[in-house]
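There are 2 protein chains.
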Amino acid sequence: MNQNPQRSTLVEVAHAAGTSKTSVSRFFGDERQRLSQELQERIAAAAKRLGYHPNQMARGLKGGRSRLIGMLVADIRNPYSVAVMHGIESVCQAHGYSLMVANTNNDPAQERRHLELLTAYRVEGLVVNAAGSPDRELAKLAEQGTPLVLVDRELGEVPADMVGLDDARAIDQALDHLQTAGYGELLYVSKPTSRVSSRRVRLERFQHGIAERGLVGEAHCLTLDADAAELDDAIGAFLVRPGTAPKALLCANGQVTLAVTRVLQQRNVTLGSVGLMGIDELEWCALVPPGITTLAQPTDAIGRAAVENLLQRLESSQRTSPPRRTHYQAQLIPRGSTRLPFHHDRSQESP
Amino acid sequence: MNQNPQRSTLVEVAHAAGTSKTSVSRFFGDERQRLSQELQERIAAAAKRLGYHPNQMARGLKGGRSRLIGMLVADIRNPYSVAVMHGIESVCQAHGYSLMVANTNNDPAQERRHLELLTAYRVEGLVVNAAGSPDRELAKLAEQGTPLVLVDRELGEVPADMVGLDDARAIDQALDHLQTAGYGELLYVSKPTSRVSSRRVRLERFQHGIAERGLVGEAHCLTLDADAAELDDAIGAFLVRPGTAPKALLCANGQVTLAVTRVLQQRNVTLGSVGLMGIDELEWCALVPPGITTLAQPTDAIGRAAVENLLQRLESSQRTSPPRRTHYQAQLIPRGSTRLPFHHDRSQESP
DNA sequence: AACTAGAGTGGGAACGTTCCCATTTCGATT
DNA sequence: AATCGAAATGGGAACGTTCCCACTCTAGTT
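One line per chain: the protein sequences are A and B, in this order.
Mapping to full-length UniProt numbering: the first sequence position 231 is 231, numbers consecutive.
Mapping to full-length UniProt numbering: the second sequence position 145 is 145, numbers consecutive.
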């Protein structure tokens, strides 16, 4: 019919409805009550007929409100990140914000790039779960008035709210559980702590924790993707090391749990006789016999809390109040992988 | 220092650099070559000093190019969707586009809502992987000139490109594999086909396929979240049904595979003696002994193809050429779950 | 009868860009 | 010497909104 079905504008609707742009603007903004019933109907009809939808870009320009929340994710294929993102998204939506997600593939260069993009779209708030973390840029952003929330990891110099797991307590829970279950010699496996605060806290607490509890322990940090062989070697060495107490592996996060489980399986290790436990609950942990014990993070709560923090600063404009930290407790889900077979009873050692 | 560190604008930079907004615009657009070396340096310095970043909203307004690609995802927690999304994101990025993701939780109302939002931001193209699918709205969008790509599923009336798996061929591969492996009696488990074309194609091909091959078979569609009990019942009934040939289950997608595996494990079924196979490769499929046979989808390729399609239409402006369908082949990954134990040899039946 | 309040409406200037169209300068060509 | 073209720059009108500030009623108050 009409050869050029361009998107129509406010003015066109106004014209079609025989009124002014101001009234149409009021209709689509939140000021309908100011319009007479009759005018409202005319506008609604015209808008529908023309297939009009307000242009959010133009709105953002004038009003200064983009209604956009940005999120910087280190690795979108990590189930943890996705779960948190899910929580974030629902809160955003509930408050009329849209979420703009940028995946950085754990690459500082991409982080910087994406951060720039996000600010170019004038996101009103930013959730950051990044690796290398362009601190300087983030700090500048915060300074310019964009509220920031860090998820799972802090960044030393950046004054921002933080939401995450109570890492220290989680490690304590793990150690307590393993000790109670009868394991006495531990290997902690983590990705390199680099600049990720949660990894660092977990590692340190592990070191302290085993000392406090009189356990034998050792920690190993490695990049999983790079040297699969290294992980295999480390675990191999741990397993053959002569020792008196039952051995167990503690995995710093879900990705590590996956990698470690693969290695153990390849080595034909029976889970339980060698203990296995990981932070992060994954959908398959119950399926690998005899079930892998995990510490579940309340991912949804973490995501929600992140945005709620953001929105609070945004709306109450207590923008400059000091940074808050919110820490959630992990939930222990005990399964067979930390249950010693009978013959491994504490009082006896097999030859 | 400065009490009001507002974001600075083009004009401010121009002023600071002692030049006009046009030149600054040229500097940040792609027309630097038109500026003298000296002026370029002055602008760069001023911009840096003021911490200037172009406002993408304003750019979008004037130029009509939002540089935004939208994506409607039915379920962001589905690893398949995330994998596809990953492919999409990298191509977007490579071409200077940003991705705006909207998760619809399989809810038509949210789909509509989010679609509206996406168009409000004037996304230049749209990737759709939705459930209920507001066909009308999508059709209108397409009509208005926004390129559309459907992923994994088609929508009858919407004239749009489509990228996905060669579903029919995949089912054939599965049936061939199962038959060769010695299974003769099959149960196909799927979520309700409803309006999802890929599910429908797979189901129909299964029905035809077993007939063609002279296999005994049956299909069951159910919503996984709602009645976990129903799945258990269905599988139970299938397993006890008297039959002569070895039995196997075929799962229509990754979510089904997960649910089915849970049921089988709870029922203490040994995988292999009852065959199990699923579409979609999941990271844990190798870990559940003796390994679950899958048909892997080339998710990354699918995502990339989706955006490439979009960009082609966007840039070559062959906007009105007829819809294209791109189908990828699945890759069979054979594992223990479709390997019959010896005593199940074809020529004999156990008592 | 003049005044006020408020409800309903509209005009026009922003918002921060891009892009079309000048204008200036200067060396090269007629 | 007059003309031309190209290179380097700038002025100003859009883009589609919002929002401030009118303006016009009608009805109630003095």
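Glycine is no exception: its CB is placed at the ideal position from the N, C-alpha and C atoms.
Query                                                                                                                                                                                                   : Result
Can you give me the start and stop residues for the beta strand (DSSP E) that A:ARG199 sits inside?                                                                                                     : Premise fails: A:ARG199 lies in the alpha helix (DSSP H), 197 to 213, not in any beta strand (DSSP E).
For the alpha helix (DSSP H) holding A:VAL11, just list the boundary residues, first then last.                                                                                                         : 10 to 16
Looking at the C-beta of A:GLN3, does it have a partner C-beta in chain B at a distance below 8 Å?                                                                                                      : Annotation note: pLDDT 36 at A:GLN3 (below 50); position unreliable, coordinate value reported separately. Not an interface residue.
Could you spell out where the alpha helix (DSSP H) holding A:SER90 opens and where it closes?                                                                                                           : 79 to 94
Tell me whether the region 37 to 46 of chain B and the region 91 to 99 of chain B touch, counting them as touching only if at least three CB pairs, one residue from each stretch, are closer than 8 Å. : no
Would you check if there are 3 or more beta carbon pairs closer than 8 Å linking the region 101 to 111 of chain A to the region 61 to 80 of chain A?                                                    : yes
Roughly how many whole angstroms lie between the Cα atoms of B:ALA130 and B:GLY278?                                                                                                                     : 22 Å
Determine which residues of the region 70 to 82 of chain B have a Cβ less than 7 Å from any Cβ of chain A, and write them out in chain order.                                                           : ILE76, ARG77 and VAL82
By the DSSP assignment, the alpha helix (DSSP H) with A:ASN103 in it spans what residues?                                                                                                               : Counting along the chain, A:ASN103 falls outside any alpha helix (DSSP H), though it belongs to the beta strand (DSSP E) covering 98 to 103.
Going by C-alpha distance, which of A:SER321, A:GLN110 and A:ARG32 is nearest A:GLU143?                                                                                                                 : A:SER321
What residue ranges within the region 295 to 342 of chain A form continuous alpha helix (DSSP H) runs of no fewer than 4 residues, ordered along the chain?                                             : 299 to 315
Closer than 7 Å by beta-carbon distance: list the chain B residues that pair up with A:ALA58, in chain order.                                                                                           : LEU61
By alpha-carbon positions, which one of B:SER337, B:GLN312 and B:GLU204 ends up nearest to B:THR257?                                                                                                    : B:SER337
Buried or exposed for B:HIS191, please, with buried defined as at least 16 other CB atoms from any protein chain shown within 10 angstroms of its CB.                                                   : The residue you asked about is not His; residue 191 of chain B is Lys in the sequence shown. Buried: at least 16 other Cβ atoms inside 10 Å.
From the beta carbon of A:PRO246, is the nearest beta carbon of chain B less than 8 Å away?                                                                                                             : no
Quick check on the DSSP output: the beta strand (DSSP E) that includes A:SER190 runs from which residue to which?                                                                                       : 185 to 190
For B:GLN297 versus B:TYR80, is the C-beta spacing smaller than 8 Å?                                                                                                                                    : yes
Determine the extent of the alpha helix (DSSP H) in which B:ASP172 is found, giving its start and end residues.                                                                                         : 167 to 181
Would you tell me roughly how many angstroms separate the C-alpha atoms of A:ILE171 and A:PHE206, rounded to the nearest one?                                                                           : 6 Å
Would you call the region 215 to 226 of chain B and the region 179 to 191 of chain B touching, i.e. three or more CB-CB distances under 8 Å?                                                            : yes
Please state whether the Cβ-Cβ distance between B:THR19 and B:ILE43 is less than 8 Å.                                                                                                                   : yes
In angstroms with no decimal places, state the Cα-to-Cα distance between B:PRO290 and B:ALA174.                                                                                                         : 18 Å
Looking only at its own chain, which residues have a Cβ that is under 8 Å from the Cβ of A:ARG335, when we skip the five neighbours before and after it?                                                : CYS285, ALA286, PRO290, GLY291, ILE292, THR293 and THR294
Three or more beta-carbon pairs under 8 Å between the region 243 to 258 of chain A and the region 265 to 276 of chain B, yes or no?                                                                     : no
Could you have a look at A:VAL260 and say whether DSSP puts it in helix, strand or coil?                                                                                                                : helix
Whose Cβ in chain A lies nearer than 8 Å to the Cβ of B:MET85?                                                                                                                                          : ILE76
For the UniProt domain "HTH lacI-type" (8 to 63) of chain A, list the alpha helix (DSSP H) runs that are entirely contained and at least 4 residues long, ordered along the chain.                      : 10 to 16, 21 to 28, 37 to 50 and 56 to 63
Closer than 8 Å, CB to CB, is A:MET100 near chain B or not?                                                                                                                                             : yes
Within 8 Å (strictly less), CB to CB, does B:LEU295 reach chain A?                                                                                                                                      : no
So, at 6 Å on beta carbons, what are the nonlocal neighbours of A:ARG200 in its own chain, with the 5 sequence-adjacent residues on each side left out?                                                 : THR193
Taking the alpha-carbon positions, what's the A:ALA58 to B:GLY303 distance?                                                                                                                             : 30 Å
Mark B:ASN253 as exposed unless 16 or more other C-beta atoms lie within 10 angstroms of its C-beta, in which case mark it buried.                                                                      : buried
Verify the CB distance criterion: does B:ASN103 have a CB-CB separation below 8 Å to chain A?                                                                                                           : yes
Since A:VAL163 contacts A:VAL128 with CB under 8 Å, what's their CB separation in whole angstroms?                                                                                                      : About 11 Å; that fails the 8 Å criterion.
Please report the Cβ distance between B:SER8 and B:LEU61, rounded to the nearest whole angstrom; I am assuming they are in contact, meaning their Cβ atoms lie under 8 Å.                               : Contact flag wrong, Cβ pair sits at about 18 Å.
Below 9 Å on C-beta distance, what does A:GLU116 contact in chain B?                                                                                                                                    : HIS53
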